[in-house]
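Undergrad:
Numbering (my numbering), first residue to last: 491 to 570.
Right, here's the structure in full:
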C-alpha cells in the first residue's frame, strides 16, 4: 500500500462519502475503506492508461514453451 492514503471505516465512509470523494479528487491521495478493521476497498483518482493493448501486455508473458508445437486431439479438454 502507498503512504498517500487514509484508512476509514465503512460506516464513516458511508456517512461522508461525497466529502471523501472530493478529497481524493483534489489531493490525489487514496482512501482505504475498512470492514471490521481490515482493508477492503481503495478509492483513488482515476488514471487513464493510454497505452495500446499490445503495449500493456508487453513483458507480461514470463514463459512460453513451444508456441508452434501441434496440439493433439487428446490435449483438449471439453466442458460438458
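Every residue, glycine too, gets a C-beta built ideally from N, C-alpha and C.
Is it true that the segment 524-538 meets the segment 548-561, where meeting means three or more beta-carbon pairs spaced less than 8 Å apart?
TA: Too few Cβ pairs lie closer than 8 Å, so no.
Undergrad: Secondary structure at residue 520, three-state DSSP: helix, strand or coil?
TA: By one-based count along the chain shown, residue 520 stands at place 30. Strand, per DSSP.
Undergrad: From which residue to which residue does the alpha helix (DSSP H) around residue 545 run?
TA: Start at 1 with the first residue of the chain shown, and residue 545 comes out as number 55. Residues 543-547.
Undergrad: Pull up the CB-CB distance for residue 496 and residue 519, whole angstroms please, since I reckon it's below 8 Å.
TA: For this step, residue 496 is matched to residue 6 along the chain shown. For this step, residue 519 is matched to residue 29 along the chain shown. Yes, they are in contact, since the Cβ atoms of residue 496 and residue 519 sit about 7 Å apart, within 8 Å.
Undergrad: Looking at residue 524: is its Cβ nearer than 8 Å to the Cβ of residue 504?
TA: Mapped onto the chain shown, residue 524 falls at position 34. Mapped onto the chain shown, residue 504 falls at position 14. No, the pair does not count as a contact, with Cβ atoms beyond the cut-off.
Undergrad: Who pairs with residue 495 in a beta bridge, going by DSSP?
TA: The residue given as residue 495 occupies position 5 in the chain shown. DSSP lists 520 as partners of residue 495.
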